[in-house]
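Numbering (our numbering), first residue to last: 339 to 493.
Just so it is clear, CB atoms sit at the ideal spot from N, CA and C, and this is done for glycine as well.
Since the structure is predicted, the reported quantities are computational estimates derived from the model, not experimental observations.
Written out below as structure tokens is the structure these notes cover.
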Amino acid sequence: MQYQIKLDEPFVSSKPDNNELDRYADLLHSAFTGGVGMYGQRERDDYAQSLERLFADTDYLPEASSVVINTENGQVASLCLVTETGGHGCINFVATHPDYQKRGLGRQIILSTLDKLYGTKLWVTLAVTIGNPALTLYERLGFKQGTVISSMQLA
Numbered sequence: 339m340q341y342q343i344k345l346d347e348p349f350v351s352s353k354p355d356n357n358e359l360d361r362y363a364d365l366l367h368s369a370f371t372g373g374v375g376m377y378g379q380r381e382r383d384d385y386a387q388s389l390e391r392l393f394a395d396t397d398y399l400p401e402a403s404s405v406v407i408n409t410e411n412g413q414v415a416s417l418c419l420v421t422e423t424g425g426h427g428c429i430n431f432v433a434t435h436p437d438y439q440k441r442g443l444g445r446q447i448i449l450s451t452l453d454k455l456y457g458t459k460l461w462v463t464l465a466v467t468i469g470n471p472a473l474t475l476y477e478r479l480g481f482k483q484g485t486v487i488s489s490m491q492l493a
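Structure follows, in structure tokens:
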């Protein structure tokens, strides 16, 4: 199944650039702050460290990941980062800057990722926090709830 990807002006999609991790950390912090779960409580530097680890990971799939930029102001509007886990694609981060939410960018960036993974991976998983308002979007895109994984952290 191929997906139709259409970003309206002034948005363009490209592959993430490992020289832009600070800008991506800013996006994640803006998009997730105040949200559900531990991601809603994280500091900007926590995202920067997570991104550094992800981009250094040999399982990171830059060819399947995407970033959407607003060409009018150069702002990172949306981001989707993918790894390979056990031979399957895993969408680890999907975020849209609050200034650009409700414009379909999250939907388009996920469809772009699925298009890039089509035919290369047996299945694709998406890591999401229980209670995330984006669950409805993910379900509309065809994702089904699977295994619930608990994570624990030291306080």
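Is DSSP giving residue i helix, strand or coil here?
| i | result |
| --- | --- |
| F431 | strand |
| A493 | Unreliable positioning characterises A493 in this predicted model, as indicated by a pLDDT of 49, which lies under 50. The coordinate reading is nonetheless provided below. Three-state DSSP puts A493 in coil, outside helix and strand. |
Output the boundary residues of the alpha helix (DSSP H) element that contains residue i.
| i | result |
| --- | --- |
| E477 | 473-478 |
| L366 | 359-370 |
Let's see if you can read the secondary structure: which residues bound the beta strand (DSSP E) around residue i?
| i | result |
| --- | --- |
| V466 | First-last for V466: undefined, no H or E at that position. |
| L419 | 414-423 |
| F481 | Note, F481: premise wrong, no beta strand (DSSP E); not H, not E. |
Is the Cβ-Cβ distance between residue i and residue j less than 8 Å?
| i | j | result |
| --- | --- | --- |
| T396 | I429 | no |
| T409 | V466 | no |
| L417 | L479 | no |
| K459 | G424 | no |
| V414 | H435 | yes |
| F370 | A433 | yes |
*Could you give the uninterrupted runs of the beta strand (DSSP E) lying entirely in the segment 385-409, keeping only those of 3 residues or more?*
404-408
_Unbroken stretches of the beta strand (DSSP E), 3 residues or longer, contained in the segment 437-464_ = 462-464
*asked:* Tell me whether the segment 393-403 and the segment 352-369 touch, counting them as touching only if at least three CB pairs, one residue from each stretch, are closer than 8 Å.
replied: yes
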